[in-house]
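This report refers to the structure that appears directly beneath it.
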Amino acid sequence: GPCGPCSEIHVDLRSEEEKAKVSGLDLVNNDHPQVVEVWNLVFMEFNRKADGSLEKLPAQHIDTGMGFERLCMALQGKSSNYDTDVFTPLIAKVEELSGKKYTGILKDEKDIAIRVVVDHIRAVSFAIADGQLPSSGGAGYVIRRILRRGVSYSYRFLDMKEPFLYKLVAVLQEQMGKFFPELEKQGALVTEVIKSEEESFLRTIENGLIRVEKLIQQTIESNLKILPSNEVFELYDTYGFPDDLTRIIAEEKGLTIDEAGFEARKKEQQDRSRGGAEQKVHDWVILEEKAENFVGYDQLESETYITRYRKIENKDGEFYQVVLSETPFYPDGGGQVGDKGLLENATESFEVLETKKENGLIISLINGLPKDAGAVFYAKVNVAERKNSQANHSVTHLLHEALREVLGTHVEQKGSYVGPDYLRFDFSHFNKMTEEELALVENKVNAKIKESIALQEFRNIPIQEALDKGAMALFGEKYGDNVRMIQFGSSKELCGGTHVKNTSEIGHFKILSESSAAAGIRRIEAISGDESEKYFKNLEKQVTELSQLLKSKDIIRSIEKLMEENASLKSEVEAFKKEKAKGEIGDWKNAYEQKGDKQLLVKKTSLDAGSVKDIVFQLKREIPTSVTIILSDADGKPMITVGVSDDLAANYQAGAIVKDLAKEIQGGGGGNPGFATAGGKNLEGLENAYQKALNI
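Take the sequence shown: its position 58, counting from 1, is numbered 60 in the numbering used here, and each next residue is one higher.
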């Protein structure tokens with residue numbers, strides 16, 4: 003990659019007395035807290051290749067990085083970033099909300115927690131304001147982990163059991179909003195997202211604490227001193243419970259966790275998540291230093307040649323990335339997937355598997371390397387996929403406008419996926435849409451499609467001119483001085499994607515679902531064009547098949563009749579179960595055996611859980627000094643139900659009994675001293691539980 007010599011600028015913040023004792027030069031890059039680097043300049047002159055050799059870059063630049071917080075520390079004469087006015091307003095608010103005083107002590111757990119909170123709230127707030135929402139994968143997962151770390155520290159060391167980090171956003175807005183208008187504009191969304199994430203994770207912590215306590219108890223009962231790595235990793239990975247919190251709780255009980263096993267499981271998971279993404283990328287072979295010419299807005303085929311290529315090796319084999327002198331292939335961007343197609347001439351043909359943009363280059367991935375890399379080829383876009391993708395892209399613009407008309411101008415696009423098969427559209431809105439709202443939005447979009455509105459495209463115009471024309475700039479997108487504006491009637495947006503020439507080409511628009519994507523973010527998934535046509539044809543086929551199956555043209559009435567008959571049959575079944583249960587009660591009352599200080603009944607049955615519960619409650623009321631244990635097999639699922647009469651509550655606990663028996667069926671459960679139940683996975687274990695119950 004690009005590299006070159008660098009200059010580092012350090013500042014010595016020590017007292018004159020300290021400087022006289024030891025030269026600052028001797029402390030440079032030695033982790034001294036008051037001799038710190040504030041500025042770095044890298045003179046980008048070379049590209050280092052995979053073999054270690056250097057080649058001159060076609061253009062030289064200076065990569066400059068200045069530490070804003072460190073510069074403030076130097077200018078304000080502070081000994082720590084956290085003592086500057088960058089952080090003090092946030093720290094003051096944390097002190098107010100938590101009732102804890104910040105002392106600035108380096109290793110004090112409370113102070114560490116406060117520093118973690120104020121640092122992390124800045125990171126996640128700017129990320130969310132910039133368009134990156136917390137999620138369960140990718141970059142969104144990084145944001146979620148940062149936020150959860152802040153919540154974890156405040157929960158453990160500041161005793162904050164309720165959401166409060168979201169209240170710091172207003173302080174950050176007041177402090178930074180003037181310089182970062184996106185933070186001011188997106189403040190409500192940032193606050194709502196952080197609050198929702200806090201609430202969710204605090205529930206996770208509460209549930210996780212129960213699981214940790216259970217795991218610790220099982221470990222102690224097994225006379226072990228180390229928590230198994232599998233269970234600790236499951237808490238961490240499946241339930242999102244912080245491993246350091248598990249570690250602390252374990253240490254309080256005199257236990258440790260299997261550190262080596264836990265780290266091994268983490269590495270396995272990371273390797274799995276990387277999966278096929280791991281690949282070896284070779285150096286570019288540059289045939290000609292030329293910027294490619296994108297012609298994909300106007301044509302789907304073009305004569306071209308390769309200007310550079312590099313080999314890619316991954317688990318699927320060898321591929322080549324190529325840059326073309328002229329390309330019709332649209333690269334992945336703005337939510338729209340990149341084009342596929344062919345690169346061919348009279349002697350060779352290669353499949354274009356994907357197209358993306360990297361460092362300003364439009365790069366297409368092909369399944370081989372031409373014998374003559376400099377030969378002339380014809381680049382041909384997959385017309386069917388492009389047609390469907392651009393229909394879906396154009397319809398997202400119409401959808402955006404319709405949502406704002408129906409729900410209000412607070413609606414803004416927060417993300418999208420536009421492919422040939424379907425579209426996904428995320429937007430700001432705090433409530434679930436009603437069926438009426440969805441129908442109205444769908445109808446508005448289809449009305450625009452039927453109007454046959456011609457595309458008006460404004461290429462390479464100044465961004466201010468586009469904004470003056472009424473174009474919407476989308477959340478999270480970065481724009482240059484010149485932009486492209488897409489207009490369909492009153493819908494005007496800045497957009498670099500491909501579009502239909504007329505809305506009539508979209509065909510029909512159909513919303514498939516509306517759901518929550520994140521706090522304050524709703525998601526619509528929909529189809530248009532060919533996929534919409536397939537959808538309605540499939541519906542028509544299903545209606546025909548249902549009509550034939552029901553032997554009726556009036557499908558609705560036939561289904562209503564079937565539901566009425568089903569309800570009647572269910573009532574008959576319930577009545578039969580009750581009669582059967584009454585018969586069982588009589589037999590079971592006479593089956594109790596005197597065992598020490600109690601009357602014990604242990605029975606197997608195939609009765610359903612509801613019937614068993616009713617019987618056990620009746621028996622524990624009517625049979626004094628009784629312990630009732632019923633082992634049932636309903637629909638292939640083992641269940642254990644325990645009832646203890648009130649007069650034995652001091653000697654026997656239903657919850658403890660069922661917990662012990664549940665081990666035999668690989669299950670768990672609970673209840674109260676008088677009644678408890680447990681379900682499990684191992685049906686064969688019921689016999690062992692039965693034998694064990696006889697000896698209680």
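Ideal placement from N, C-alpha and C gives every residue a C-beta, glycine not left out. Since the model is a prediction, treat every value here as computed from it, not as a measurement.
| Residue span of the alpha helix (DSSP H) that contains glutamine 177, given as start and end | Residue numbering aside, residue 177 sits at position 175 when the sequence shown is read from its first letter. 171-178 is the extent of the alpha helix (DSSP H) around glutamine 177.
| For phenylalanine 48, does the three-state DSSP call read helix, strand or coil? | Residue 48 sits at position 46 when you count from the first residue of the sequence shown. It is a strand residue.
| field | Inter-residue CB distance, alanine 393 and serine 530 (contact presumed, cutoff 8 Å) | value | Sequence index remark: in the sequence shown, residue 393 carries index 391 (1-based). Sequence index remark: in the sequence shown, residue 530 carries index 528 (1-based). Right, their Cβ atoms sit about 5 Å apart.
| message | Is it the case that the stretch 503-517 contacts the stretch 438-448, given that we only count it when at least three CB pairs across the two stretches are under 8 Å? | response | yes
| If you draw a straight line from the alpha carbon of serine 634 to that of threonine 607, how long is it in whole angstroms? | As a first step, residue 634 is located in the sequence shown; it is residue number 632 there, counting from the start. As a first step, residue 607 is located in the sequence shown; it is residue number 605 there, counting from the start. Cα-Cα distance, rounded: 5 Å.
| Start and end residues, beta strand (DSSP E) containing arginine 461 | Reading the sequence shown from its first residue, position 459 is the one you call residue 461. Residues 458-464.
| message | Tell me the rounded alpha-carbon separation between leucine 603 and aspartate 649. | response | Residue numbering aside, residue 603 sits at position 601 when the sequence shown is read from its first letter. Residue numbering aside, residue 649 sits at position 647 when the sequence shown is read from its first letter. Cα to Cα, leucine 603 sits roughly 16 Å from aspartate 649.
| query | Grouping DSSP H, G and I as helix and E and B as strand, with all else coil, what is arginine 406? | reply | The residue given as residue 406 occupies position 404 in the sequence shown. In this structure, arginine 406 counts as helix in the three-state DSSP scheme.
| task | Flag this pair as yes or no: are the beta carbons of lysine 605 and alanine 593 separated by less than 8 Å? | result | The residue given as residue 605 occupies position 603 in the sequence shown. The residue given as residue 593 occupies position 591 in the sequence shown. Yes, they are a contact pair.
| query | When the Cβ atoms of the stretch 10-23 are set against those of the stretch 40-55, are three or more pairs found closer than 8 Å? | reply | yes
| task | Mind reading off the beta-carbon distance from serine 396 to lysine 416? Whole number of angstroms is fine, and I expect it under 8 Å. | result | Position 394 of the sequence shown, counting from 1, holds the residue named residue 396. Position 414 of the sequence shown, counting from 1, holds the residue named residue 416. In fact, because the Cβ distance is near 19 Å, the residues do not count as touching under 8 Å.
| said: Just to confirm my understanding: we take proline 640, look at its own chain, exclude 5 residues before and 5 after, and list those with CB closer than 6 Å. What are they? | reply: What you label residue 640 is simply residue 638 of the sequence shown in a count that begins at 1. Counting only Cβ-Cβ distances below 6 Å, and skipping sequence neighbours, we find Ile667, Gly682, Leu685, Leu688.
| Of the residues Glu201, Val192, Ala141, which one's Cα is nearest the Cα of methionine 162? | Residue 162 sits at position 160 when you count from the first residue of the sequence shown. The shortest C-alpha separation from methionine 162 is found at Glu201.
| If you measure from the CB of glutamate 164, is any heavy atom of the ligand ADP nearer than 7 Å? | Questions concerning the ligand ADP fall outside what the structure shown contains, since it holds no ligand whatsoever.
| request: State the beta-bridge partners of histidine 12 as determined by DSSP. | output: By 1-based counting over the sequence shown, the position of residue 12 is 10. Its beta-bridge partners are Glu39.
| query | Who pairs with aspartate 635 in a beta bridge, going by DSSP? | reply | If you number the sequence shown from 1, residue 635 lands on position 633. Paired residues: Pro640.
| request: Decide if the stretch 282-290 is in contact with the stretch 309-319; the criterion is three or more beta carbon pairs, one per stretch, under 8 Å apart. | output: yes
| If you count every other CB in all the chains shown that lies within 10 Å of the CB of alanine 678, and 16 or more means buried, which is it? | Here residue 678 corresponds to residue number 676 of the sequence shown, with the count starting at 1. With 16 or more Cβ atoms within 10 Å of its Cβ, alanine 678 is classed as buried.
| task | Taking the CB atoms as reference points, tell me whether valine 171 and leucine 92 lie closer together than 8 Å. | result | Residue numbering aside, residue 171 sits at position 169 when the sequence shown is read from its first letter. Residue numbering aside, residue 92 sits at position 90 when the sequence shown is read from its first letter. No, they are not a contact pair.
| query | Just how far apart, CA to CA, sit glutamate 270 and valine 144? | reply | Residue 270 sits at position 268 when you count from the first residue of the sequence shown. Residue 144 sits at position 142 when you count from the first residue of the sequence shown. Going by the C-alpha atoms only, they are around 18 Å apart.
| query | In angstroms, rounded to a whole number, what distance separates the CA positions of leucine 564 and glycine 669? | reply | As a position in the sequence shown, residue 564 is number 562, starting the count at 1. As a position in the sequence shown, residue 669 is number 667, starting the count at 1. Using only the alpha carbons, I get a separation of about 38 Å.
| Enclosing alpha helix (DSSP H) for valine 96 [first to last residue] | As a working mapping, residue 96 is identified with position 94 in the sequence shown. First-last of the alpha helix (DSSP H) with valine 96: 90-100.
| Residue(s) in a DSSP beta bridge with proline 323 | On the sequence shown, position 321 is the one that residue 323 refers to. Looking at the sequence shown, residue 323 is not proline but glutamine. Answer by DSSP bridge pairing, in chain order: Arg312, Leu367.
| request: Look up leucine 425 in the DSSP assignment and give the residues it is bridged to. | output: Along the sequence shown, read from residue 1 onward, the residue named residue 425 stands at position 423. Answer is Val420, Ala528, bridged to leucine 425.
| said: For threonine 132 and glutamate 194, which I take to be in contact (beta-carbon distance under 8 Å), what is that distance rounded to the nearest angstrom? | reply: Start at 1 with the first residue of the sequence shown, and residue 132 comes out as number 130. Start at 1 with the first residue of the sequence shown, and residue 194 comes out as number 192. Residue 132 is actually aspartate in this sequence, not threonine. In fact, because the Cβ distance is near 16 Å, the residues do not count as touching under 8 Å.
| field | lysine 512, DSSP secondary structure in three states | value | Within the sequence shown, the letter at position 510 stands for residue 512. In the structure shown, lysine 512 sits in a strand (DSSP, three-state: E or B).
| message | Can you give me the C-alpha to C-alpha distance between cysteine 497 and asparagine 484, rounded to a whole angstrom? | response | Residue numbering aside, residue 497 sits at position 495 when the sequence shown is read from its first letter. Residue numbering aside, residue 484 sits at position 482 when the sequence shown is read from its first letter. The straight-line gap from Cα to Cα measures roughly 12 Å.
| field | Cβ pair count under 8 Å reaching 3, the stretch 316-326 against the stretch 358-366 | value | yes
| If you compare alpha carbons, which of Ala141, Leu149, Leu108, Lys112 is closest to valine 126? | Within the sequence shown, residue 126 is the residue found at index 124, counting from 1. Taking only the C-alpha atoms, the option nearest valine 126 is Leu149.
| request: Report the residue from Phe490, Asn433, Leu469, Glu437 whose alpha carbon sits nearest the alpha carbon of lysine 452. | output: Working through the sequence shown from its first residue, we reach residue 452 at position 450. Considering only alpha carbons, the answer is Phe490.
| Over what stretch of residues does the alpha helix (DSSP H) that includes lysine 622 continue unbroken? | Numbered from its first residue, the sequence shown carries residue 622 at position 620. Lysine 622 -> alpha helix (DSSP H) spans 611-624.
| field | Where leucine 345 sits in the DSSP three-state scheme | value | In the sequence shown, residue 345 corresponds to position 343, counting from 1. Strand at leucine 345.
| Three-state secondary structure (DSSP) of leucine 73 | Position 71 of the sequence shown holds residue 73. Correct three-state label for leucine 73: helix.
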